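Here's the structure we're looking at; comments come further down.
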């Protein structure tokens, strides 16, 4: 008595689907009405190298762990926002949120010699009324005046 193999259990068929037709494991699983892990297991058993298990881009908003492109840095305490097109973005495409808020408040990009201070010293409080613009080199810990709004504050 011969046992009938399911399609995904046939090495020749599975190789043809993966290599020649460039099908994804997830597409084969859907076609055979089995789980992705079942097809993956049979591909591994036949030593068929699988490159992709899903279709499409899984970066940014398409990633199930995406948090909206905003996170608090654990070491500095500052909030960073994903904005890869911004000229001041880091290598991962993130910009300090307080700088973005100040740029929006001023209606222009900040210059490299401009620093944004938090009045209440809370690095994650980026409300526009809590932010003050100062220039590099102005003394920290002393009262200084914002060059744009003329408001005085103590730099911390």
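Numbering (the working numbering), first residue to last: 283 to 438. Built from N, CA and C at the ideal position, the CB exists for glycine as well. If you're wondering where the values come from, they're calculated on a predicted model, not measured in any experiment.
Assuming residue i and residue j make a contact with CB atoms under 8 Å, what is their CB distance in whole Å?
i	j	result
residue 307	residue 322	6 Å
residue 380	residue 408	5 Å
residue 410	residue 387	5 Å
In whole angstroms, give me the CA-to-CA distance for residue i and residue j.
i	j	result
residue 371	residue 359	17 Å
residue 283	residue 291	Low confidence applies here, because residue 283 scores a pLDDT of 49, under 50, leaving its location unreliable; read the following figure in that light. Residue 283 and residue 291: Cα-Cα distance of roughly 18 Å.
residue 277	residue 347	Only positions 283 to 438 of the chain appear in this structure, which leaves residue 277 out of reach.
residue 396	residue 417	5 Å
residue 363	residue 296	44 Å
residue 324	residue 353	40 Å
residue 349	residue 382	19 Å
residue 305	residue 329	16 Å
residue 312	residue 300	14 Å
Is residue i helix, strand or coil by DSSP?
i	result
residue 352	strand
residue 416	strand
residue 361	strand
residue 321	helix
Skipping 5 residues on each side, what residues in its chain have a beta carbon closer than 6 Å to that of residue i?
i	result
residue 431	none
residue 405	359 and 360
residue 314	289 and 290
Is it buried or exposed, residue i, if we count other Cβ atoms within 10 angstroms and call 16 or more buried?
i	result
residue 378	buried
residue 326	exposed
Using a Cβ-Cβ cutoff of less than 7 Å, which residues in the same chain neighbour residue i once the five nearest sequence positions on both sides are dropped?
i	result
residue 402	412
residue 293	328
residue 355	362
In chain order, what residues of the same chain lie with their CB nearer than 8 Å to the CB of residue i, ignoring the 5 residues before and after it?
i	result
residue 392	370, 381, 384, 385, 398 and 415
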